[in-house]
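Chains as they are written, first to last, in the working numbering: chain A, 711 to 872; chain B, 12 to 124.
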């Protein structure tokens, strides 16, 4: 008898770098890097002026580096004027550049800050990327201010879909 | 809810000065206050409140031009306005001193009463 082995994309049992599909577990453990469902995260938990862009320019909160595959990226940024009265809307987005405006269309959250003197938290839009090698993605913020030093914090996560 | 925003902080007024622009988004009320300080107290020129819908092309707000002599300050009260972006322009003529521009914004309705 001859058996024909049909490779299944996303199936388990591959080599060390092969993509593995949904892998059942009994111990509640999370998916590994090369398994669908793996989540890569990075965060800055406390408000800081580190990484803030100049007025009217994008700055970076934090970033994740992920390998080849299809990933969904999203983040939450906390923004705070910190006695640097903001004169224009605040923008939050995911970008492939630490000083970038975002990726494609519908990639930024816009916040009107005029009457808010307390920190604000907002989700970024969800961004899908299909990459062929290691790539870094950034959670970025954008402030416009006449003086002072606004602050930001936040978390970015990437979930492997394929 | 209300908020004060500094657009120009003690800048040299012995030259033309354009403030940072302020985005009112969907707010409709506010005021802009100009104060001169220091120098010889003899600044002369013209203050303009300017508005824009795109934050690029600014035009003088109707009837806002204010002649200044002897470093006299000024305030504009907006209630209501449909203009989104505002800035203040100081057109210098003579004298010495500094200029500060402050905006005050507030909702024109009581929230959560």
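Just so you know, even glycine gets a beta-carbon here, dropped at the ideal spot from N, CA and C.
Note that the structure is a prediction, hence the values are computed from the model and not measured.
*asked:* Taking 8 Å as the limit between beta carbons, can you name the residues of its chain near residue 42 of chain B, skipping five residues before and five after?
replied: Contacts found: 86, 87, 88, 89, 114 and 115.
*Please check the pair residue 806 of chain A and residue 813 of chain A, which I expect to be a contact at CB under 8 Å, by giving their CB distance rounded to whole angstroms.*
Right, the Cβ-Cβ distance comes to about 6 Å (below 8 Å), so this counts as a contact.
*What's the C-alpha gap between residue 15 of chain B and residue 795 of chain A?*
If you take the alpha carbons of residue 15 of chain B and residue 795 of chain A, they lie about 8 Å apart.
_8 Å Cβ cutoff met for residue 52 of chain B and residue 82 of chain B_ = Cβ distance < 8 Å, so residue 52 of chain B and residue 82 of chain B count as in contact.
*So which residues on chain A does residue 94 of chain B lean against when the C-beta distance must stay under 9 Å?*
Among the residues of chain A, none has a CB under 9 Å from the CB of residue 94 of chain B; the nearest is roughly 14 Å distant.
_chain A contact for residue 45 of chain B (CB, 8 Å cutoff)_ = Closer than 8 Å: no.
_Distance, residue 80 of chain B Cα to residue 760 of chain A Cα_ = The C-alpha of residue 80 of chain B is placed about 44 Å away from the C-alpha of residue 760 of chain A.
*So what's residue 832 of chain A in DSSP terms, helix, strand or just coil?*
Strand, per DSSP.
*Around the C-beta of residue 729 of chain A, are 16 or more other C-beta atoms found within 10 angstroms, so that it is buried, or is it exposed?*
Residue environment: residue 729 of chain A is assigned as buried (16 or more neighbouring CB atoms within 10 Å of its CB, all protein chains considered).
*Does the distance from the CB of residue 786 of chain A to the CB of residue 869 of chain A come in under 8 Å?*
Not closer than 8 Å, so no.
*In whole angstroms, what separates the C-alpha of residue 735 of chain A from that of residue 741 of chain A?*
C-alpha of residue 735 of chain A to C-alpha of residue 741 of chain A: approximately 9 Å in a straight line.
_So with CB distances below 7 Å, who are the chain A contacts of residue 31 of chain B?_
In chain order, 797 and 856 make up the part of chain A whose C-beta sits under 7 Å from the C-beta of residue 31 of chain B.
*Run down chain B in chain order and give the residues with a C-beta less than 8 Å from the C-beta of residue 827 of chain A.*
What residue 827 of chain A touches in chain B: 14.
*Could you check which residue in A:838, A:744, A:809 and A:791 has the C-alpha nearest to that of residue 881 of chain A?*
What is shown of chain A runs 711 to 872, which leaves residue 881 of chain A out entirely.
*Does the beta carbon of residue 852 of chain A come closer than 8 Å to any beta carbon on chain B?*
Closer than 8 Å to the CB of residue 852 of chain A there is not a single CB belonging to chain B.
*Between which two residues does the beta strand (DSSP E) harbouring residue 813 of chain A extend?*
Run containing residue 813 of chain A: none; DSSP gives neither H nor E here.
*Could you check which residue in A:810, A:823 and A:819 has the C-alpha nearest to that of residue 117 of chain B?*
It is A:823 whose Cα lies nearest to the Cα of residue 117 of chain B.
*Counting pairs of Cβ atoms below 8 Å between the region 777-784 of chain A and the region 830-847 of chain A, do you hit three or more?*
Contact holds between the region 777-784 of chain A and the region 830-847 of chain A, because three or more Cβ pairs, one in each stretch, are under 8 Å apart.
*Determine, using beta carbons only, whether residue 126 of chain B comes closer than 8 Å to chain A.*
Nothing about residue 126 of chain B can be read from this structure; chain B reaches only from 12 to 124.
*Which of helix, strand or coil does DSSP assign to residue 858 of chain A?*
In the three-state scheme derived from DSSP, where H, G and I count as helix and E and B as strand, residue 858 of chain A is classed as coil.
*Candidates B:100, B:36, B:13 and B:21: which alpha carbon is nearest residue 49 of chain B's?*
Among B:100, B:36, B:13 and B:21, the Cα nearest to that of residue 49 of chain B belongs to B:21.
*With respect to the beta strand (DSSP E) encompassing residue 827 of chain A, which residues constitute its N-terminal and C-terminal limits?*
Residue 827 of chain A -> no beta strand (DSSP E), and no H or E assigned at all.
*With a cut-off of 8 Å, does the C-beta of residue 17 of chain B fall near any C-beta of chain A?*
Residue-level contact by beta carbon holds for residue 17 of chain B and chain A, with a gap shorter than 8 Å.
*So, are the CB atoms of residue 57 of chain B and residue 102 of chain B less than 8 Å apart?*
Contact flag set, yes.
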